[in-house]
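One structure below.
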Amino acid sequence: MHWADRRVCVCAPADCSIHLHSSRASKSGGVMDVYRGTVVHCLRPQEMELLPDHLIGVENGQIKFVEPGERLEELKEQHSFTVHTLPNSQFLMPGLVDAHNHPSQYSYTGTGYDLSIQQRLEMFKIPTEAKFADIETARTIYQKAVRRSLLNGTTTASYLATVHLDSTMELCRICADAGQRVHVGKVNMDHEQTKNSTQHSVEETRKFIKSVREMKNPLMEPAVAPRFASTCSQPLLKALGDLASELAVPIHSHLGQQREEVTRLLQDNPSSRNPAHLFEMAGMLNSRTYMAHCVYTTEQEVELLRERQVGVVHCPNSNFSLRSGCLDVRGLLHCGVTKIALGTDVSGGYTSSILDAMRCALHTSKAVCFKNDGQHYDPLTLPEVLYMATMGGASVLGLDAKIGNFQVGKEFDALIIDTAAPCGNPVFDLFENDTNKDKVSKFFYLGDDRNIVSRFVAGKKIIV
Numbered sequence: 001m002h003w004a005d006r007r008v009c010v011c012a013p014a015d016c017s018i019h020l021h022s023s024r025a026s027k028s029g030g031v032m033d034v035y036r037g038t039v040v041h042c043l044r045p046q047e048m049e050l051l052p053d054h055l056i057g058v059e060n061g062q063i064k065f066v067e068p069g070e071r072l073e074e075l076k077e078q079h080s081f082t083v084h085t086l087p088n089s090q091f092l093m094p095g096l097v098d099a100h101n102h103p104s105q106y107s108y109t110g111t112g113y114d115l116s117i118q119q120r121l122e123m124f125k126i127p128t129e130a131k132f133a134d135i136e137t138a139r140t141i142y143q144k145a146v147r148r149s150l151l152n153g154t155t156t157a158s159y160l161a162t163v164h165l166d167s168t169m170e171l172c173r174i175c176a177d178a179g180q181r182v183h184v185g186k187v188n189m190d191h192e193q194t195k196n197s198t199q200h201s202v203e204e205t206r207k208f209i210k211s212v213r214e215m216k217n218p219l220m221e222p223a224v225a226p227r228f229a230s231t232c233s234q235p236l237l238k239a240l241g242d243l244a245s246e247l248a249v250p251i252h253s254h255l256g257q258q259r260e261e262v263t264r265l266l267q268d269n270p271s272s273r274n275p276a277h278l279f280e281m282a283g284m285l286n287s288r289t290y291m292a293h294c295v296y297t298t299e300q301e302v303e304l305l306r307e308r309q310v311g312v313v314h315c316p317n318s319n320f321s322l323r324s325g326c327l328d329v330r331g332l333l334h335c336g337v338t339k340i341a342l343g344t345d346v347s348g349g350y351t352s353s354i355l356d357a358m359r360c361a362l363h364t365s366k367a368v369c370f371k372n373d374g375q376h377y378d379p380l381t382l383p384e385v386l387y388m389a390t391m392g393g394a395s396v397l398g399l400d401a402k403i404g405n406f407q408v409g410k411e412f413d414a415l416i417i418d419t420a421a422p423c424g425n426p427v428f429d430l431f432e433n434d435t436n437k438d439k440v441s442k443f444f445y446l447g448d449d450r451n452i453v454s455r456f457v458a459g460k461k462i463i464v
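Numbering (UniProt numbering), first residue to last: 1 to 464.
Okay, structure coming up:
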């Protein structure tokens, strides 16, 4: 678990943008954007690549080449492009992926964490989500939630909305207008405390999927989203599983978040071996399924997740804030569950920042290490959590062929980070002997949204 630091050239020169036209046009006939500077990304789970003075060529939103800066003159003979040169304080990294976020809960993020999860549910979640029957209320909250997500560098998000079809479609329109890459799920429940019948829930979900696909937005994917196994009858889960299979859409839900929830679920379903078995019986566990939390999963459940290639979304801030527990990510990896992403679980977590999720994931892993007396247990490393925040998230969402790092052929979802920003009152301090590696590490541990100076999705610069 290490950094791959390729010191091929000196750092890039001062900040500027220069139009460079070769004697031959780009093969596709378009004009390419080339970003020159330090590049940071992960090709493998345990290795962070740091590439000083590299060139990333982007055309029509797609990465055409990643080359050392010394090849600039040679590349000018092959392409027509504009060079955007980053100053020494900046570096380029992949956009962050938030694989589990409840934007409908954003308005009360940061409140009520002294309450039990049940008290918080009754005091905040139920009355707040009921208001989403009103599309104006939904629009106000969703606009702020999506903007905050983008401000924090989340170029790809998986959102769970509410049971309301119209307001969930409003969330889709807001995401489309903002330019964020998203999965969106209309929540499903037919618990006795809700007014949704099994049939109505399934019909509304089918309408939702059809409406999203009619938007023809290549950045947007609808998802089937049972809230919890405990809020859905087995007939509803089965119908949703059939619908997801028929329409080839991902499935996004929760599993093993709270010990009390697991106990109650098994009491209500005595014929079930474990909560994952309920999803399995409904045909809902497959390579396009991802489950948030998974703190309280048995060995049998973990083996089932591995066999079905189900993704896991680690939400460490929420797990601490709601006193859920500590997910043993290293244990999952050792058992062969390799598709692991990070999520903010707003408002279970108190911030929309995946940077925070990375840090909390490191803390959680060390807490698990303490629990095991540190014997034969390796806590997660910074390269591993960066992988989870980028490539891991892409893999869980089924987007690893498109995004997650800067491999040629992928779409350019990226962030430009300025370790010196904002000028005059920096977020953290740098020193004369700080290396590129030091600057990158300090950003991941100390930085925040003020250090993110540019955001790109599929090559398009996002304005927030």
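We put the CB at the ideal spot given by N, CA and C, even for glycine.
>> By alpha-carbon positions, which one of Gln90, Phe65 and Arg36 ends up nearest to Ile417?
In response: Locating residue 417 in the sequence shown gives position 417, counting from the first residue. Out of Gln90, Phe65 and Arg36, Gln90 has the C-alpha closest to the C-alpha of Ile417.
> With respect to the beta strand (DSSP E) encompassing Ser158, which residues constitute its N-terminal and C-terminal limits?
Replying inline: Locating residue 158 in the sequence shown gives position 158, where the first residue counts as 1. Per DSSP, Ser158 belongs to the beta strand (DSSP E) from Thr154 to Leu160.
>> Between the alpha carbons of Tyr350 and Pro383, how many angstroms are there, rounded?
In response: If you number the sequence shown from 1, residue 350 lands on position 350. If you number the sequence shown from 1, residue 383 lands on position 383. Tyr350 and Pro383: Cα-Cα distance of roughly 24 Å.
>> Quick test of your reading: Val295 and Lys339, contact by CB under 8 Å. State the CB separation rounded to the nearest angstrom.
In response: As a first step, residue 295 is located in the sequence shown; it is residue number 295 there, counting from the start. As a first step, residue 339 is located in the sequence shown; it is residue number 339 there, counting from the start. Rounded, the Cβ-Cβ distance is 17 Å, inconsistent with contact.
> What is the residue span of the alpha helix (DSSP H) that Phe81 lies within?
Replying inline: Counting from 1 along the sequence shown, the entry for residue 81 is found at position 81. Run containing Phe81: none in the alpha helix (DSSP H); it sits in the beta strand (DSSP E), Phe81 to Thr85.
> Cα separation between Val408 and Glu67?
Replying inline: Position 408 of the sequence shown, counting from 1, holds the residue named residue 408. Position 67 of the sequence shown, counting from 1, holds the residue named residue 67. Computed Cα separation, rounded: 10 Å.
> Which of helix, strand or coil does DSSP assign to Glu77?
Replying inline: Within the sequence shown, the letter at position 77 stands for residue 77. If DSSP states are grouped into helix, strand and coil, Glu77 belongs with coil.
> Which value, in whole angstroms, describes the spacing of the CA atoms of Asn196 and Met189?
Replying inline: Translated into positions along the sequence shown, residue 196 becomes position 196. Translated into positions along the sequence shown, residue 189 becomes position 189. Going from the Cα of Asn196 to the Cα of Met189 covers about 7 Å.
> In terms of residue numbering, what span does the beta strand (DSSP E) encompassing Thr289 cover?
Replying inline: Here the question's residue 289 lines up with position 289 in the sequence shown. Unbroken beta strand (DSSP E) run through Thr289: Thr289 to His293.
>> By DSSP's criteria, Gln90 is part of a beta bridge. Which residues make up the other side?
In response: By 1-based counting over the sequence shown, the position of residue 90 is 90. Gln90 pairs with Asp418.
> Using 8 Å as the Cβ pair cut-off and three pairs as the minimum, do the segment 194–213 and the segment 254–271 touch?
Replying inline: no
> Tyr387 lies in the alpha helix (DSSP H); which residues open and close that run?
Replying inline: Position 387 of the sequence shown holds residue 387. Element bounds for Tyr387: Leu382 to Tyr387.
>> Counting C-beta neighbours from all protein chains within 10 Å, is the total for Phe431 16 or more, i.e. buried, or is it exposed?
In response: In the sequence shown, the residue the question calls residue 431 occupies position 431. Classification of Phe431: exposed, given that the 10 Å Cβ count is below 16.
> What is the DSSP secondary structure of Ser438, counted as helix, strand or coil?
Replying inline: Here residue 438 refers to the residue found at position 438 when the sequence shown is read from its first residue. First, the residue type needs correcting, since residue 438 is Asp and not Ser in the sequence shown. Helix.
> Which of the three DSSP states, helix, strand or coil, is assigned to Gln234?
Replying inline: Stepping through the sequence shown from its first residue, residue 234 is reached at position 234. Helix at Gln234.
> Can you tell which of Arg36, Gln46, Ser395 and Ser253 has its C-alpha closest to the C-alpha of residue 469?
Replying inline: Only positions 1 to 464 of the chain appear in the structure, and residue 469 is not among them; the question remains open.
> Does DSSP put Arg120 in a helix, a strand or coil?
Replying inline: Here residue 120 refers to the residue found at position 120 when the sequence shown is read from its first residue. Correct three-state label for Arg120: helix.
> What separation, rounded to the nearest whole angstrom, lies between the Cα atoms of Lys461 and Pro270?
Replying inline: Sequence index remark: in the sequence shown, residue 461 carries index 461 (1-based). Sequence index remark: in the sequence shown, residue 270 carries index 270 (1-based). Going by the C-alpha atoms only, they are around 52 Å apart.
>> Just to check my reading of the structure: Gly95 and Thr156 have Cβ atoms closer than 8 Å, yes? What is that Cβ distance to the nearest angstrom?
In response: By one-based count along the sequence shown, residue 95 stands at place 95. By one-based count along the sequence shown, residue 156 stands at place 156. Rounded, the Cβ-Cβ distance is 6 Å, consistent with contact.
> Which residues share a DSSP beta bridge with Leu51?
Replying inline: As a first step, residue 51 is located in the sequence shown; it is residue number 51 there, counting from the start. The partner list for Leu51 (beta bridge, DSSP) reads Val39.
>> Going by DSSP, what residue range makes up the beta strand (DSSP E) through Pro426?
In response: Here the question's residue 426 lines up with position 426 in the sequence shown. No beta strand (DSSP E) holds Pro426; DSSP gives it neither H nor E.
>> Excluding the 5 residues flanking Leu278 on each side, which residues of the same chain have their C-beta closer than 8 Å to its C-beta?
In response: Working through the sequence shown from its first residue, we reach residue 278 at position 278. Within the same chain, Leu278 has close Cβ partners Ala229, Gln234, Leu237, Leu265, Asn269 and Ser272.
> By a C-beta neighbour count over all protein chains shown, 10 Å radius and 16 as the cutoff for buried, is Phe370 buried or exposed?
Replying inline: Position 370 of the sequence shown, counting from 1, holds the residue named residue 370. By the neighbour-count rule (16 or more Cβ atoms within 10 Å), Phe370 is not buried but exposed.
> Where does Arg7 land, buried or exposed, given buried means 16+ other C-beta within 10 angstroms?
Replying inline: Taking the sequence shown and counting its residues from 1, the one referred to as residue 7 is at position 7. Below a pLDDT of 50, predicted positions are generally treated as unreliable, and Arg7, at 37, falls in that range; the measurement from the model is reported next regardless. Looking at its Cβ environment, which holds fewer than 16 other Cβ atoms inside 10 Å, Arg7 is exposed.
>> Contact defined as beta carbons within less than 8 Å: I believe Leu150 pairs with Arg455. What is the distance between those atoms, to the nearest angstrom?
In response: Position 150 of the sequence shown, counting from 1, holds the residue named residue 150. Position 455 of the sequence shown, counting from 1, holds the residue named residue 455. Rounded, the Cβ-Cβ distance is 6 Å, consistent with contact.
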